[in-house]
Amino acid sequence: MNLAPLSQRFVLHFGEMGSRWGINRTVGQIYALLYVSPRALNADDIGDALGFSRSNVSMGLKELQSWNLVRLQHLPNDRREYFQAPEDVWAIFRTLAEERRKREIDPTLSMLRDALMEQAVGQDDVHAQERMRQMHDLIELMTGWLADVQKMDSATLVSLMKMGAKVQKLLEVKDKVAQTMRTSLGGRAANKPPEVALMPIDNALTVLGDSQGASRS
């Protein structure tokens, strides 16, 4: 199996970048090959295309399977195993995010929770716990957001990404209105819970999302 020049450039680059992301270069190249291939490939195809030994290909495929980044297939009248990368790039993104969360973020959160439950001894420990609490809260916030993103379909994710600057403007307006209510308004505003008063602005985020979907259709 001979790689076209364009595909070869992509495979070589992905292997190089993968090594910088903490992924074995061989694994990165195997995945890049499967990603651009128009058909499922078996281990012999992969080895021929990349010049890898059968053992290196097998180890690389096992690593990719452990990350849920390749699908195993069987063809009629063929006992060999074939592999293919998911076609939806957003599905790949969600898989990578979920696997990295389980491998890297969850153990850190567990350690931080244990540390925050311990009794601080001395001012140094009090300071350290406060810093760890800040890190814990940030990671919890990010994992909560990620969990919400994982539930979205691909079309919704694309819309969310495109809304970035508009969402920021709405949040800036919300902050300005909240500040104005605190400093300028009296009586009635003081008796109205801020979260109730600001609900129309919060709801604008939902309206903007709906308008994005309507404009596409």
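With our numbering applied, the sequence shown covers 2 to 218. Ideal placement from N, C-alpha and C gives every residue a C-beta, glycine not left out.
Where Gly145 falls, given that 16 or more other Cβ within 10 Å makes a residue buried: exposed
Can you tell me which of the three DSSP states Asn57 falls into? helix
Can you give the Cα-Cα distance for Ala191 and Lys167, rounded to whole angstroms? Per-residue confidence for Ala191 stands at a pLDDT of 48, beneath the threshold of 50, marking its modelled position as unreliable; the derived number appears in the next sentence. Distance between the alpha carbons of Ala191 and Lys167: 29 Å.
With distances taken between CB atoms, is the gap from Ala98 to Leu147 smaller than 8 Å? yes
Within a Cβ cutoff of 6 Å, which residues of the same chain sit near Leu51, ignoring the five residues on either side of it in sequence? Gln30
Under 8 Å, do Trp91 and Leu13 count as touching if we go by C-beta distance? no
In this structure, how does DSSP classify Leu35 when only helix, strand and coil are distinguished? helix
DSSP three-state call for Ala198: helix, strand or coil? In this prediction, Ala198 scores a pLDDT of 48, lower than 50, which makes its location untrustworthy; the coordinate-derived value is nonetheless stated afterwards. Looking at Ala198 - three-state DSSP - the assignment turns out to be helix.
In terms of residues, what are the limits of the alpha helix (DSSP H) holding Leu161? Ser155 to Lys163
So the alpha helix (DSSP H) Gly131 belongs to, where does it begin and stop? Here residue 131 is Glu; the residue named in the question, Gly, does not match the sequence. First-last of the alpha helix (DSSP H) with Glu131: Gly123 to Gln151.
Considering only the alpha carbon of each residue, which of Lys152, Asp126 and Tyr83 lies closest to Arg40? Tyr83
Tell me whether Gln235 sits in a helix, a strand or coil according to DSSP, three-state version. Residue 235 lies beyond the stretch modelled for the chain, which goes from 2 to 218, so this question has no answer here.
Cβ-based burial, Gly61 [other Cβ within 10 Å; buried from 16]: It counts as buried.
Check for me: the alpha helix (DSSP H) holding Glu17 runs from which residue to which? Pro6 to Arg21
For Leu76, which residues of its own chain have a beta-carbon under 7 Å away from its beta-carbon, when the five flanking residues on both sides are left out? Tyr83
Round the Cβ separation of Asn219 and Thr96 to the nearest angstrom and send it over; I've been treating them as touching at under 8 Å. Any answer about residue 219 is impossible in this case: the structure gives the chain only from 2 up to 218.
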